Amino acid sequence: MSMQMKRLETLFEHNPIFEYQGRTKRLTAHGEQLLAHARIILQLNDSLWQKMAQTHGPGCVRLGAPDDYAYTLLPDILKRYAQKFPHVQIDVTCEPSEDLSERIGRNELDLAMVTRRPHDEISRTVRLEPIVWATAKGKRFDQSEPLPLAMFQPGCVARAKTIEACAKAGRDYRIAYSSPSIAGLLSPVRAGLAIAAIARCSVPDDLEILAPGIGLPEVKGIDIALMRGGTSEHPHFVQHLADEIHASLRQI
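The numbering used here puts the last residue of the sequence shown at 240; the count rises by one with no breaks.
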């Protein structure tokens, strides 16, 4: 080690990397810069060797899911799948169910978790999910006023079911906020500005679920379904992920 240190000092003799105070030797400013870069090089070297030593899977699986399902349902599914196939790449696309269905039709996805639409004969129902009313904790809305709704955009199955339920119950409402994403939908709900009828699995812990009752009609549940593309480069890995999705959603 001492010989290597001397060689470094010789290489950088015009920009000393050490300074001496008696018998004490410490890094100069140039030495600190060199040390920082050396550590980066060593980390890259270690990472390269680890990747070269791994046995990689032969490709990726293209998975689609609406972002609310991706937030709440996918983490456990992906964790269990990775335990079996740690080197298979999963390419996740988050879009509304209607768009994911179109991607499946164009074979741009291998699998898609979607909200099943009425009369859909292609997707396969995996789980029946209740629709519940979610609001900021402690927040209640005046029954004499139109119910301010936060909703996904037109084309959403839950949106259509909510509007239908309000109409049948004679409950006045107004669409106060609309968003294609769960984050955009829940923001006004958290602020106490609106209420949302969404899948129970999509309700975060910081919101309160209200039971149907006076002023809140009961909304019919939805079917969470799985769609599969026509062809895949890696059908073995796609099938195992489909099996994991089925098993996981039936246990929740």
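Even glycine gets a Cβ: it sits at the ideal position worked out from N, Cα and C. The structure displayed is predicted, hence computed values, not measured ones.
Per DSSP, glycine 201 forms a beta bridge with which residues?
Leu204.
State yes or no: is the C-beta of alanine 199 within less than 8 angstroms of the C-beta of leucine 137?
In this structure, leucine 137 does not lie closer than 8 angstroms to alanine 199 by Cβ.
Which of helix, strand or coil does DSSP assign to aspartate 87?
Helix at aspartate 87.
May I have the straight-line CA-CA distance separating alanine 18 from alanine 171, to the nearest angstrom?
According to the sequence displayed, residue 18 carries histidine and not alanine. Computed Cα separation, rounded: 47 angstroms.
Between leucine 62 and alanine 53, which are expected to be in contact by the criterion C-beta below 8 angstroms, what is the C-beta distance as a whole number of angstroms?
A Cβ-Cβ separation of about 6 angstroms places leucine 62 in contact with alanine 53 under the 8 angstroms criterion.
State the Cα-Cα distance for the pair arginine 128 and glycine 203, rounded to the nearest angstrom.
Computed Cα separation, rounded: 10 angstroms.
Can you have a look at proline 176 and say buried or exposed, based on whether 16 or more other CB atoms are within 10 angstroms of its CB?
The residue in question, proline 176, is buried, as its Cβ has 16 or more Cβ neighbours within 10 Å.
Where DSSP assigns a beta bridge to lysine 13, which residues make up the other side?
For lysine 13, which the question treats as bridged, DSSP gives the partners Tyr8.
Helix, strand or coil at alanine 164 [DSSP, three-state]:
For alanine 164, the three-state secondary structure derived from DSSP is strand.
Terminal residues of the alpha helix (DSSP H) in which arginine 178 lies:
Residues 170 to 178.
Using a Cβ-Cβ cut-off of 7 angstroms (strictly less than) and excluding sequence neighbours within five positions of methionine 40, which residues of its own chain qualify?
Interpretation of methionine 40 is limited by its pLDDT of 43, a score under 50 that renders its predicted location unreliable; the figure taken from the coordinates is listed afterwards. If you ignore the 5 residues before and after methionine 40, its C-beta comes within less than 7 angstroms of no other C-beta in its own chain.
Grab the span of the beta strand (DSSP E) containing threonine 60 for me, first residue to last.
Taken as a continuous stretch (DSSP letters only), threonine 60 belongs to no beta strand (DSSP E), being part of the alpha helix (DSSP H) at 55 to 60.
DSSP on aspartate 64, reduced to helix/strand/coil?
Assigned with DSSP and collapsed to three states, aspartate 64 falls in helix.
With a Cβ-Cβ cutoff of 8 angstroms, do arginine 68 and threonine 81 count as a contact?
No, Cβ-Cβ distance for arginine 68 and threonine 81 is not below 8 angstroms.
How many whole angstroms separate the CB atoms of threonine 103 and valine 145, which I take to be in contact at a CB cut-off of 8 angstroms?
Going by Cβ atoms, the distance from threonine 103 to valine 145 rounds to 5 angstroms, so yes, they are a contact pair.
What does the alpha-carbon distance come out to for the pair leucine 97 and arginine 216?
Rounded to whole angstroms, leucine 97 to arginine 216 spans 8 angstroms at the Cα level.
Short of 8 angstroms in beta carbon distance, which residues of its chain neighbour proline 118, apart from the five on each side in sequence? Order them along the chain.
Result list for proline 118: Ala187, Arg188, Gly209, in chain order.
In the DSSP output, which residue or residues are listed as bridge partners for glycine 143?
According to DSSP, glycine 143 bridges with nothing at all.
What's the gap between the Cα of threonine 219 and the Cα of glutamate 86?
Approximately 20 angstroms, taken between the alpha carbons.
Over what stretch of residues does the beta strand (DSSP E) that includes aspartate 79 continue unbroken?
Its beta strand (DSSP E) spans residues 77 to 82.
Where proline 142 and valine 191 are concerned, what is the direct C-alpha to C-alpha distance, given to the nearest angstrom?
In this structure, the CA atom of proline 142 is about 20 angstroms from the CA atom of valine 191.
Please check the pair methionine 139 and isoleucine 163, which I expect to be a contact at CB under 8 angstroms, by giving their CB distance rounded to whole angstroms.
The beta-carbon separation of methionine 139 and isoleucine 163, rounded to 6 angstroms, stays under the 8 angstroms limit for a contact.
Can you tell me the Cβ-Cβ gap for proline 205 and lysine 156, rounded? I've got them flagged as a contact below 8 angstroms.
The C-beta separation of proline 205 from lysine 156 comes to about 7 angstroms, placing the pair in contact by the 8 angstroms criterion.
CB leucine 30 to CB isoleucine 5, shorter than 8 angstroms?
No, the pair does not count as a contact, with Cβ atoms beyond the cut-off.
Closest to alanine 184 by CA distance: which of Leu214, Ala26, Ile151 is it?
Nearest neighbour of alanine 184 by Cα position, chosen from Leu214, Ala26, Ile151, turns out to be Ile151.
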